[in-house]
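First the structure, in the form of structure tokens, and then the observations on it.
Residue numbers (the working numbering), protein chains in the order written: chain H, 1453 to 1541; chain Z, 4 to 363; chain E, 11 to 212.
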């Protein structure tokens, strides 16, 4: 799970062009879409959907699903694990 | 007085303005389900023109619309040094040549019609058409030209469809502007043109009066509308103020109404701030889909037909109130005296633009 | 009659403000030229990194003009500055990138939103809270007449100043010229001859 979160942070920084941000700058519970957190916006949310497909082979068909799932690294990691478990069945 | 007239339309509903209007009076829509058109080759609802020239569809549409428009005016003005051509488009002939989306078509038109002045392409996202008509009027009002021919044209392309699908902005159903079930746009392609002139006599039929128009930016987000409708509010307020038009003077609003959740909500808020929620309003995108660079021109052209025919066209695709503020959405075609109309547009880049046309 | 009160040029190698060279590209640096300029200005605006070249160019040059002419930042109401921009090839640079994204991997929404040339106007409006008139045109080459005639129209129709730009970005080649036109101020008279002279060989 820790490796998943670490990788997730790396992918996010790269995919979303978050220059000058290091993995260490993103806490597991940082609110990604909060201005005091990472300050991501609606387009970033869509890019996160692309990221999930690209790196984790997970399709998000409704962007509203993303609202809950993408709140923080923790919730994203949980979401990925759940979806992967469903896929394995 | 600046005149506007000779409106022409090429769309899936026909290749003349009157033909389009008749079809719309019959509640026909240009939207249909097109097989394998979308991402992963799934079917998508689109408003596609049948039998487009397959080699150079963009310039062929521009040529065709000009030929139609010229039949409605003193055709000699096209070769005059007092005439300018303005083309409103977002992606031009992108499928022919991504590295030169407008150049070849502009050169083609210049040679074909012996244009004296360099045509100006206006590429301002979805507000381009209204901006182009306003620009034409501004050029003529300033005395730089006597006539401005304004064409709006955009084609459906894999590029654009893929883009909007990546934004999850495309509805799986034909679009439903302002409706409670709306969930996205339907892309459309069209070509439309109008003549703006300081001379009444160049028009074969009666022209209408084009008042001053304006634009304003939301200063909020590059692809999402302002939640308070700030830019739309400002442009309409400016346009009304500069022309001395009050909220009681407007008979009809041709809104932008793309059928995304956010756009239509934003418009309802802006119209509320402007005290315009009582004015009969529609979105024409239920008939043509969202035609991007063509939208401002084709929707103005249809609004002009509404003035000429004294009828308020229903807002196709609307069934039930879907915005937090209720608007006076036209639910059936209604015979009515339409004298003064307001056309608005909003688009990516935070742009908003508006214009007013009056029966003379 | 109005005045060109400040202007700047940007090419792939150098940046000039009011005709003076203020920065040259550091070829040793791993940062892109636009990023070098951004860092040099010491602005903190992380959204800069999401912008495409067209928007980054417009943004940087506007910041340089604001430094050179504080009136651009302070002297006008929020809807008094009109934005009048043009170029030859629209948003081709971003268009090609977006196309590549869906042809090679999967379509990128962050790239798609920059595939319209007027987005740069949106970025300037957002950062500076400018609610005024906007227009983006596509022309076969820099046309001084176009700017002179249309900016004057805007200035007589409610705008009090106009920030004008030629932002030509194609094949990653930058030819950019931004200038600020005011009704009063120190500078060359705003006419085609002077404008063409200042524009130089763009």
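Ideal Cβ positions, reconstructed from N, Cα and C, are used throughout, including at glycine.
Since the model is a prediction, treat every value here as computed from it, not as a measurement.
Proximity test, Cβ basis, 8 Å: residue i and chain Z
i	result
residue 133 of chain E	yes
residue 1495 of chain H	yes
residue 67 of chain E	no
residue 106 of chain E	yes
residue 156 of chain E	yes
residue 56 of chain E	no
residue 11 of chain E	no
residue 27 of chain E	no
residue 172 of chain E	no
Residue-chain proximity (residue i, chain E), Cβ-Cβ < 8 Å
i	result
residue 56 of chain Z	no
residue 1488 of chain H	no
residue 1516 of chain H	no
residue 1461 of chain H	no
residue 341 of chain Z	no
residue 132 of chain Z	no
residue 126 of chain Z	yes
residue 303 of chain Z	no
residue 145 of chain Z	yes
residue 361 of chain Z	no
Any chain H beta carbon closer than 8 Å to residue i
i	result
residue 120 of chain E	yes
residue 351 of chain Z	no
residue 72 of chain E	no
residue 2 of chain Z	Since the first residue shown for chain Z is 4 and the last is 363, residue 2 of chain Z is missing from the structure and cannot be characterised.
residue 59 of chain E	yes
residue 115 of chain E	yes
residue 123 of chain E	yes
Rounded Cβ spacing between residue i and residue j (contact assumed at less than 8 Å)
i	j	result
residue 34 of chain Z	residue 189 of chain Z	5 Å
residue 95 of chain E	residue 25 of chain E	In fact, because the Cβ distance is near 18 Å, the residues do not count as touching under 8 Å.
residue 180 of chain Z	residue 260 of chain Z	3 Å
residue 299 of chain Z	residue 130 of chain Z	6 Å
residue 103 of chain E	residue 170 of chain E	In fact, because the Cβ distance is near 32 Å, the residues do not count as touching under 8 Å.
residue 126 of chain Z	residue 92 of chain Z	6 Å
residue 88 of chain Z	residue 12 of chain Z	Not really, about 18 Å apart at Cβ, beyond 8 Å.
residue 134 of chain E	residue 93 of chain E	6 Å
residue 145 of chain E	residue 138 of chain Z	7 Å
Other residues of its chain near residue i: CB distance less than 8 Å, five sequence neighbours each side excluded
i	result
residue 1532 of chain H	1456, 1460, 1504, 1508, 1510
residue 83 of chain Z	119, 149, 150
residue 98 of chain E	148, 149, 150, 151, 178, 180
Same chain, Cβ closer than 7 Å to residue i, neighbours up to 5 away in sequence not counted
i	result
residue 1490 of chain H	1478, 1482, 1484
residue 20 of chain E	67, 71, 184, 186
residue 276 of chain Z	232, 236
residue 1472 of chain H	none
residue 1512 of chain H	1501, 1504, 1518
residue 120 of chain E	60
residue 113 of chain Z	122
residue 167 of chain Z	173, 188, 190
residue 1462 of chain H	1475
residue 26 of chain Z	16, 17
residue 27 of chain E	18, 74, 78
residue 202 of chain E	154, 155, 158
For residue i, the residue or residues it bridges with in DSSP
i	result
residue 19 of chain E	E:26, E:187
residue 11 of chain Z	Z:196
residue 361 of chain Z	Z:212, Z:343
residue 145 of chain E	E:94
residue 6 of chain Z	Z:200, Z:212
residue 324 of chain Z	Z:182
residue 192 of chain E	E:13, E:171
residue 1525 of chain H	For residue 1525 of chain H, which the question treats as bridged, DSSP gives no partner whatsoever.
residue 176 of chain E	E:96, E:187
residue 219 of chain Z	Z:355
residue 78 of chain E	Note: residue 78 of chain E sits in no beta bridge, so no partner.
Contacting residues, own chain, Cβ-Cβ under 6 Å from residue i (five flanking each side not counted)
i	result
residue 245 of chain Z	215
residue 97 of chain Z	104, 160, 162
residue 51 of chain E	73
Neighbouring residues, chain B, relative to residue i (Cβ below 7 Å)
i	result
residue 129 of chain E	Among the chains of the structure shown, chain B does not appear; the protein chains present are H, Z and E.
Residues from the segment 1466–1486 of chain H in contact with chain E, defined by Cβ distance under 9 Å: Cβ contacts with chain E come from 1467, 1468, 1469, 1470, 1471, 1472, 1473.
Q. If contact means a Cβ-Cβ distance below 9 Å, which residues of the segment 213–232 of chain Z contact chain H?
A. If you check each beta-carbon in the segment 213–232 of chain Z against every beta-carbon of chain H, the ones closer than 9 Å belong to 224, 225, 226, 227.
What residues from the segment 228–261 of chain Z come within 8 Å of chain E, judged by C-beta to C-beta, listed N to C? Within the segment 228–261 of chain Z, the qualifying residues are 233, 234, 237, 241, 245.
### Query
According to a CB-to-CB cut-off of less than 7 Å, which residues of the segment 78–90 of chain E neighbour chain Z?
Against chain Z - using a Cβ distance shorter than 7 Å - the residues of the segment 78–90 of chain E are 89.
Item to check | chain E contacts made by the segment 103–117 of chain Z, where a contact means CB separation under 9 Å | outcome: Within the segment 103–117 of chain Z, the residues whose Cβ lies closer than 9 Å to some Cβ of chain E are 103, 104, 105, 106, 109, 110, listed in chain order.
Contact list for the segment 174–201 of chain E against chain Z, Cβ threshold 9 Å: From the segment 174–201 of chain E, only 180, 181 have a Cβ closer than 9 Å to chain Z.
- Mind listing which residues of the segment 1495–1510 of chain H have their C-beta closer than 8 Å to chain E's C-betas, in chain order? From the segment 1495–1510 of chain H, only 1495, 1496, 1498, 1499, 1502, 1505, 1506 have a Cβ closer than 8 Å to chain E.
Exercise. In chain order, what residues of the segment 155–167 of chain Z put their CB closer than 7 Å to some CB of chain E?
Worked result: So the close ones are 162, 165, 166.
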